[in-house]
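In this note's numbering, the protein residues as written are 73 to 492.
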Amino acid sequence: MIEQRDRGSRQVVSPVSAAEVAATRTDLRRASLLPPAVYHDPEILAYELEAWFADGWVCVGRTEDIRLEGEYFLTSLCNENIIVVRDNDQQIRAFFNVCRHRGATIVKDPNGRVPRFQCLYHAWVYDLDGALHMPRFCDQLEHFDLNEWGLIPVNVDVWQGFIFLNINNNAAPLLESLGDMPQFFDRFDLAALRRGQLIEYDVQANWKAIIENYSECYHCPGVHPQLNKITPFNMGEWIDTEGPWRASWMPVVGEYDTLTMDGQMTEHGRELLDGMTEDDHKKVYYFVVWPNLLISLHPDYLMTHRVVPIAPGRTYVACEFFFDPEQMARPDFDPSDATEFWDLTNRQDWNVCELQQAGTASRAYTAGRFTAMEGGVYAFDVKVADRYANDGVVTHIEEISKADASAKLAGRIKRRAIAG
Ligand code: FES
Ligand SMILES: [Fe+2]
């Protein structure tokens, strides 16, 4: 399919045909994993960025980073340099970091606070809402309406403290786009939480391999002995979802309270987060939000992974930990048992993702098969395959299963643990 875009007009043609992903878009018992090329081909990554990341909402940060007027941060999305700023009316705005004069990058520092933006080249000045001031030696120009020469805006919206951008400015409103996910989180005020730590990773693996890895716990007994002790790999439930998200939970077993080095929280000055019901105790919730946000909600803290593709075999991952600010203020507050636990677990994951990235480049590798423990990977890969095929057909996983009277497998998988 060829689509002509508005501003930026980029043509988007899928480099992966429906025939090439037909083996993935079938019942799990017969399905194959995605074709190996999708982890390695730069043309395929370019398509994913343009057709998926630029066309929808992508989380780029948190509102707590720009609390005051003029506070901003830069973010890279779909190879575009974007300014995200709080303006003088407390509104969060986003702009392409490109001067309208001769196109220089305007802001170089990755974050900061400014009264306005001033281009370093010929000093054109833009307000925080993007409006251009009359530049020097321009008042005699003909057909030069200042209103038409402000910074080019990017759609921005906020949910639970997460800032999302839609570069092509063509997506439905964020809340609508998130399906029934916001309802699930209604009992929590995640915007009130504060970042305790950011850990950044440069992973030598394709971004989809990282999402796939998060979507199953088949690997947990061998790769994560520490995690598997607290949340056993074969326990947990899927949560029914509608929209661009998938969710599951895993039980925290035995004497443990949460996922940390010692499985405890009160010893480290933490309690249950506000909004946790009795039913939430001793559970870790895992959410995959299309395309690249992973939310892991623990009884006493929130962890997120933003998975940002850099190259087919390289991904930046920002892993962030958020806590209740009142608990953070306590003298005995110590997040290190949580952050060290997940840093260890993350590194264990990146190691196997990098091994997969290396192996799938071999001429010897052909797309493998899903096991009965990989329903989450299957669900993600089917979504990806549908989007490559771009033929208007949405593969309904459960319908596929129902269509095959003997295929009870997907139904069983739906109740298996997926995350870790
Ligand atoms: S390029 Fe920005 S003022 Fe000239
Ligand atoms: Fe893992």
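Yeah, the Cβ is synthetic: ideal placement off N, Cα and C, and Gly gets one too.
Small disclaimer: the values here were computed from a predicted structure and weren't measured.
Within a 10 Å sphere around the beta-carbon of T96 sit 16 or more other beta-carbons, which makes this residue buried. With a minimum length of 3 residues, the unbroken runs of beta strand (DSSP E) contained wholly in the stretch 258-291 fall at 266-275. In the three-state reduction of the DSSP assignment, V88 falls in the coil class. Around D199, the same chain offers R188 as residues with beta carbons nearer than 6 Å, after the five sequence neighbours per side are excluded.
A distance below 7 Å between beta-carbons, with the five flanking residues on each side excluded, links C210 to the following residues of its chain, in chain order: F216. If one requires a minimum length of 3 residues, the beta strand (DSSP E) runs lying completely within the stretch 296-340 are 309-311, 317-323, in chain order. Annotation for L416: the continuous alpha helix (DSSP H) segment containing it runs 408-431.
Excluding sequence positions up to five before and after T417, its CB lies within less than 6 Å of the CB of H296, L299, all in the same chain and listed in chain order. Collapsing the DSSP output to three states places E141 in coil. Rounded to whole angstroms, the gap between the alpha carbons of T411 and D201 is 37 Å.
Contact between Q232 and A263 holds, since their C-beta atoms are separated by about 5 Å, short of 8 Å. For P225, the three-state secondary structure derived from DSSP is strand. K355 sits in a strand when the DSSP states are folded into three classes. If only complete runs of 4 or more residues are kept, the stretch 104-141 shows the alpha helix (DSSP H) at 114-120, in order along the chain. Shortest Cα-Cα distance from Y328 to any of Q336, M322, L374 involves Q336. A buried status is given to Y373, since no fewer than 16 other beta-carbon atoms sit within 10 Å of its beta-carbon. Here T376 has I367, E392 as same chain residues with Cβ atoms under 6 Å from its own Cβ, once five neighbours each way along the sequence are excluded. Boundaries cannot be given for L192, as no alpha helix (DSSP H) includes it and DSSP labels it neither H nor E.
Not one heavy atom of ligand 1 lies closer than 6 Å to the C-beta of W414.
The three-state secondary structure of I469, taken from DSSP, is helix. Within the DSSP secondary-structure output, W231 pairs in a beta bridge with F234. The DSSP-derived three-state label of E398 is helix. Relative to ligand 2, D421 has its C-beta within less than 6 Å of a heavy atom.
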